[in-house]
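Undergrad: Numbering (our numbering), first residue to last: 871 to 1590.
By construction, the Cβ of each residue, glycine as well, lies at the ideal position given by its N, Cα and C atoms.
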Amino acid sequence: MKHPAPSPSPAPRLGLSRRTRVLGTVFFLLASACGGADTGEPDSGVPDSGVPDVPVCPNSADNGVCLTKARLTYLDLRYDLSKPVFVNNRVPIRFGVTSTSLTPASPATRNVAVSFSFIEANPANPAEPIECASSAMDVALVGDGQEQRFEGFIWPTSLCGALVDKTVNLRVTFDGDEPGTGIDAPAVTFSEAARGDALNQACRSVEDASAPDPRRGCVYTLDLEPTPSDGSHALIDVLYQAMEPASSVALLPYAAPGVPTEKLAPSLVVQSTLVVNGRDPYISGLAPEEVPPELEASAPGITGDLQFGQAPEALGALTAMPGRATLRYELAPEGAGDGWLPLTVGAEDSETGRVGEVVIEQLQPGTANTFAHELFAEGETRAALGEGGAWAGVSHFTVRGCFTADFPQAGNAGEEDTSDCHLIPVVLVRETPASSAATSIGFNQEFTRKLGSADRMSIGVGLLTRNTLDRTGAASRIEGEVELEGKLGRPYSVTIARAVGQATLGVEPGTTGYELTVDAFNQRIHSFSQSAPNLEHEEEFSAAKSFAFPNLGFGFGPVRIGFKISLGGEVGLTTNDSLFVSTDPGRCGELLQSGDALGMCGAISRTITPGFNFTASIEGGIDIRIVKAAVVADLDLVNTDFPLTASLAFGQRDNGDLVVLGNANWELGMQLIRGDVSIVGRVGIRRFSRTLRVHLFSFSSRRFSQTLLDRSMDFAEVLK
């Protein structure tokens, strides 16, 4: 037990309200893997006729090439098998699949569900060994004869109760081992008795296929034991899987006099990922109103089954922590070993906008729960880092994140790293007040952030503004871009939106220009340009746009569930900009607040607000004899606006020197990826016969506001 101090359970927390819930019925397993353009129409269902479908060859319509054969050729349990495996605790796995096509020169690509089950090693009845299965992994196979490798986790679930206190081996199946798939891919049981069989000998346990002893047969013997208990309740074990920084560089932002500390930028942004062992990975309740009615119609009674014995108001107990659990972050010089000082975390529900630790109230089972946290150096930590502080001369630091709980924990101990703390090295950069150069002055800033997971879904934002005064005149630019990428059965990516606003006012005639562009899903949807020494432009542009990724998928029970991600939302650009040039000495003197004789002057005055607001819905499911399922999604992608207010003015003396004056303020409000996506349904195969909810991912991030840039010149300066 990692934390022996017990704690009473908190009151159950009700599940989050679902803002998006969509259901579509998709094709039978084979057809759901097919490529094709998204028509924008709902996927039509194909009833189970009992007749196997004709095999379809994804991504090969031109030449009719099909996958012909698939074999598991590499299997490695990344687990110390001298330690027991507990029910409802995950086991990391790495495996390789080699597949071939009808025409090797034109290999086919197809998604296949690969599932592993736990099977009795020494069955009392060899004809019917006891077996229980983990949910399948959806992999994209390329039939070129080359081994492809994949990583994941398998779970001995509550259905494995009959195997407790027994030794078990592993069994692999492709596409649920159902007939009519069109691929030669038989199920294989990796037991000692079958080690010498041809199918078993095709698999090795050593990564290097040319090793002197590749350990062919892939026999792994696991000691399966019941979930640890304190005598009255099963114990969970929260794994701190990863802490990943958005950058290897941390920032100590400059605090201008009078600027509230809550307006300062974070020193670092990290993503912490937690996984809960000890709870069935496929049991987490779904409120009755969240169950798609089409699923209830195809699988009568499933709404009640998805309560898993809980009253609707108590469903939160299935995912709630049994006591207080927190994440805390600290900082110390690299190699110090001790003397850690705290980093606070941004929190929208705190009066100060900061908290000393993050309370973890719920974790979805069977998936990675990712939390994005902004870390701030404040109080004694900022004092130590600042001028005259104990760490003033230090630039290399270590950030430590630790998970703590006041309830007892116990679980699998065979993974490589089960530490409750993670360390990451960072280089600290101390921001200094902006200074002007002799030939130019700039009010410039950039902002980047990427949250989520590359192997599921991630969202990245890049923003910048450049506001310059130099001997050529004045220029102001703002741009922002949002990109989505991930992998769900196959890779996908798209630039959701991009907006650019450029204003240039030159000293020389003919060097003035103004341009706005807005793109959505890689297509230009709005533009405006004009070139004139004096212009005003005011508009409020907005457009609703959508885009879809068809033919994605995920493992559910023994099969693959196909689905489509539909992105929808609004991109907007509000502008109130003006550019002018004048040769009126009085107006020029007033503009530059200068008594100099100015023969000409010019100014850019702008207020421009780009904004992006997009969500995702996921349509998918399956309705066949062995599986009935639907996708339930609650997913916000991005909601942000980043208004820029800038004033840039210049005046030219008779000797050619330029007098300049300017200011710029850039604000940001942002909410990035947040929500849960899962598949719910019923599987009717003996080794996997149950109602279940499989989580694809769970992301949590807060909405925040930040002043990205706020700088003004107190008086005009002369550029030489």
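Give me the residue from Thr1222, Pro1235, Phe1241 and Gly1236 with the minimum Cα distance to Val1229.
TA: As a position in the sequence shown, residue 1229 is number 359, starting the count at 1. With distances taken between Cα atoms, Val1229 lies closest to Phe1241.
Undergrad: Determine, using beta-carbon pairs with one atom in the region 1268 to 1285 and one in the region 1570 to 1579, whether at least three such pairs fall under 8 Å.
TA: no
Undergrad: Is it right to say Val1119 is buried, meaning 16 or more other beta carbons lie within 10 angstroms of its own, or is it exposed?
TA: The residue given as residue 1119 occupies position 249 in the sequence shown. Exposed: under 16 other Cβ atoms inside 10 Å.
Undergrad: Would you please state the rounded distance, in angstroms, between the beta carbons of Pro1136 and Leu1245? I believe it to be under 8 Å.
TA: Looking up residue 1136 in the sequence shown gives position 266. Looking up residue 1245 in the sequence shown gives position 375. Rounded, the Cβ-Cβ distance is 6 Å, consistent with contact.
Undergrad: To the nearest angstrom, report how far apart Pro1295 and Arg1544 are at their CA atoms.
TA: Counting from one through the sequence shown, the residue named residue 1295 turns up at place 425. Counting from one through the sequence shown, the residue named residue 1544 turns up at place 674. Those two C-alpha atoms are separated by around 27 Å.
Undergrad: DSSP three-state label for Gln1234, please.
TA: Taking the sequence shown and counting its residues from 1, the one referred to as residue 1234 is at position 364. Gln1234: coil per DSSP, three-state reduction.
Undergrad: The alpha helix (DSSP H) with Ser987 in it runs from where to where?
TA: Numbered from its first residue, the sequence shown carries residue 987 at position 117. Taken as a continuous stretch (DSSP letters only), Ser987 belongs to no alpha helix (DSSP H), being part of the beta strand (DSSP E) at Thr979 to Glu990.
Undergrad: Could you tell me whether the Cβ atoms of Glu1204 and His1266 are closer together than 8 Å?
TA: On the sequence shown, residue 1204 is found 334 positions in, with the first residue counted as 1. On the sequence shown, residue 1266 is found 396 positions in, with the first residue counted as 1. Yes, the pair counts as a contact, with Cβ atoms nearer than the cut-off.
Undergrad: Which first and last residues belong to the beta strand (DSSP E) in which Asp1175 is found?
TA: Along the sequence shown, read from residue 1 onward, the residue named residue 1175 stands at position 305. Not the beta strand (DSSP E): Asp1175 falls in the alpha helix (DSSP H), residues Ile1172 to Asp1175.
Undergrad: So, under 8 Å CB-CB, Tyr1150 and Pro1235 are touching, yes? Tell me the CB distance rounded to an integer number of Å.
TA: Locating residue 1150 in the sequence shown gives position 280, where the first residue counts as 1. Locating residue 1235 in the sequence shown gives position 365, where the first residue counts as 1. Before going on, a small fix: residue 1150 reads as Asp here, not Tyr. Correct: roughly 7 Å between the Cβ atoms.
Undergrad: Would you say Leu1443 and Tyr1384 are within 8 Å of each other, going by their C-beta atoms?
TA: For the purposes of this step, residue 1443 is taken as the residue at position 573 of the sequence shown. For the purposes of this step, residue 1384 is taken as the residue at position 514 of the sequence shown. No, the pair does not count as a contact, with Cβ atoms beyond the cut-off.
Undergrad: Determine the DSSP secondary structure at Leu1542, reduced to helix, strand or coil.
TA: Locating residue 1542 in the sequence shown gives position 672, where the first residue counts as 1. In the structure shown, Leu1542 sits in coil (DSSP, three-state: anything other than H, G, I, E or B).
Undergrad: Let's see if you can read the secondary structure: which residues bound the beta strand (DSSP E) around Gly966?
TA: On the sequence shown, residue 966 is found 96 positions in, with the first residue counted as 1. Val961 to Ser971 is the extent of the beta strand (DSSP E) around Gly966.
Undergrad: Could you give the uninterrupted runs of the alpha helix (DSSP H) lying entirely in the region 1421 to 1500, keeping only those of 4 residues or more?
TA: 1455 to 1462
Undergrad: Leaving out the 5 sequence neighbours to the left and right, which residues in its chain are closer than 7 Å to Thr1382 when beta-carbon positions are compared?
TA: Indexing the sequence shown from 1 puts residue 1382 at position 512. Once the five neighbours on either side are set aside, the close Cβ partners of Thr1382 are Thr1374, Leu1375, Gly1376, Ser1401, Ala1402, Pro1403 and Leu1449.
Undergrad: Could you give the C-beta distance for Phe988 and Leu1069, rounded to a whole number, given that I count them as a contact under 8 Å?
TA: Locating residue 988 in the sequence shown gives position 118, where the first residue counts as 1. Locating residue 1069 in the sequence shown gives position 199, where the first residue counts as 1. So it is not a contact: roughly 19 Å between Cβ atoms.
Undergrad: How would you label Gln1522, buried or exposed, when you count the other beta carbons within 10 angstroms and need 16 or more for buried?
TA: To locate residue 1522, count along the sequence shown from 1; it is residue 652. Buried.
Undergrad: Can you name the start and end residues of the beta strand (DSSP E) that Gly1521 belongs to?
TA: Stepping through the sequence shown from its first residue, residue 1521 is reached at position 651. From DSSP, the beta strand (DSSP E) with Gly1521 extends over Leu1514 to Arg1523.
Undergrad: Do Ile963 and Ile1024 count as a contact pair if the criterion is CB distance below 8 Å?
TA: Residue 1024 sits at position 154 when you count from the first residue of the sequence shown. Residue 963 sits at position 93 when you count from the first residue of the sequence shown. Yes, Cβ-Cβ distance for Ile1024 and Ile963 is below 8 Å.
Undergrad: Beta-carbon of Leu1449 versus every beta-carbon of chain D: anything under 8 Å?
TA: Protein chains in the displayed structure number just one, and chain D is not present.
Undergrad: Taking just the CA atoms, how far does Glu1248 sit from Arg1224?
TA: Reading the sequence shown from its first residue, position 354 is the one you call residue 1224. Reading the sequence shown from its first residue, position 378 is the one you call residue 1248. Near 10 Å, if we compare the C-alpha coordinates of Glu1248 and Arg1224.
Undergrad: Which residue's Cα is closest to the Cα of Pro1162: Leu1542, Leu1579 and Ala1499?
TA: The residue labelled residue 1162 in the question sits at position 292 within the sequence shown. Here the closest residue by C-alpha is Ala1499.
Undergrad: Expressed to the nearest angstrom, what Euclidean distance is found between the alpha-carbon atoms of Asp908 and Glu998?
TA: The sequence position of residue 908 within the sequence shown is 38, counting from 1. The sequence position of residue 998 within the sequence shown is 128, counting from 1. Its pLDDT being 33, under 50, Asp908 is placed unreliably in this model, and the coordinates cannot settle the point.
Undergrad: Could you tell me if Lys1590 is buried or exposed, where buried requires 16 or more neighbouring beta carbons within 10 angstroms of its beta carbon?
TA: For the purposes of this step, residue 1590 is taken as residue 720 along the sequence shown, with counting starting at 1. Per the 10 Å Cβ criterion, exposed.
Undergrad: Excluding the 5 residues preceding and the 5 following Pro1455 in the sequence, name in chain order all residues of the same chain whose CB lies nearer than 7 Å to its CB.
TA: One-based indexing of the sequence shown puts residue 1455 at position 585. Hits under 7 Å: Ala1467 and Leu1468.
Undergrad: What's the call for Asn1337, buried or exposed, on a 16-neighbour Cβ count within 10 Å?
TA: Within the sequence shown, the letter at position 467 stands for residue 1337. Asn1337 is buried by the Cβ-count criterion.
Undergrad: Cutting at 7 Å between CB atoms, please list the residues of its own chain near Ser1061, excluding the five before and the five after it.
TA: Working through the sequence shown from its first residue, we reach residue 1061 at position 191. Hits under 7 Å: Ala991, Asn1039 and Val1089.
Undergrad: Find out if the Cβ-Cβ distance for the pair His1407, Thr1445 is shorter than 8 Å.
TA: Here residue 1407 refers to the residue found at position 537 of the sequence shown. Here residue 1445 refers to the residue found at position 575 of the sequence shown. Yes, the pair counts as a contact, with Cβ atoms nearer than the cut-off.
Undergrad: Under a three-way DSSP split, which group does Asn1070 fall into?
TA: Along the sequence shown, one-based indexing puts residue 1070 at 200. DSSP places Asn1070 in helix when its eight states are reduced to three.
Undergrad: So what's Ser1399 in DSSP terms, helix, strand or just coil?
TA: Looking up residue 1399 in the sequence shown gives position 529. Assignment of Ser1399 by DSSP, reduced to helix, strand and coil, places it in the strand class.
Undergrad: Thinking C-alpha only, which one of Gly1052, Gly1087, Gly1432 and Pro1130 is nearest Ala1072?
TA: Reading the sequence shown from its first residue, position 202 is the one you call residue 1072. Gly1087 is the residue among Gly1052, Gly1087, Gly1432 and Pro1130 whose C-alpha sits nearest the C-alpha of Ala1072.
Undergrad: Would the region 1279 to 1286 count as touching the region 1306 to 1322 if we require 3 or more Cβ pairs under 8 Å?
TA: no
Undergrad: Measure the beta-carbon distance from Asn1483 to Glu1440 and round it to whole angstroms, keeping in mind my assumption that it falls under 8 Å.
TA: Taking the first residue of the sequence shown as 1, we reach residue 1483 at position 613. Taking the first residue of the sequence shown as 1, we reach residue 1440 at position 570. Between Glu1440 and Asn1483 the Cβ distance is about 5 Å, and since that is below 8 Å, they are a contact.
Undergrad: Measure the alpha-carbon distance for Asp1035 versus Ser1028 and round it to whole angstroms.
TA: By one-based count along the sequence shown, residue 1035 stands at place 165. By one-based count along the sequence shown, residue 1028 stands at place 158. Approximately 14 Å between the Cα atoms of the pair.
Undergrad: Taking the alpha carbon of Met1540 as the reference point, which residue from Asp1527, Gly1551, Val1530 and Leu1507 has its own alpha carbon closest?
TA: The residue you call residue 1540 lines up with position 670 of the sequence shown. Taking each of Asp1527, Gly1551, Val1530 and Leu1507 in turn and checking the Cα distance to Met1540, the smallest one comes out for Leu1507.
Undergrad: Can you give me the C-alpha to C-alpha distance between Val1591 and Leu1437, rounded to a whole angstrom?
TA: No answer is possible for residue 1591: it lies beyond the span of the chain, which begins at 871 and ends at 1590.
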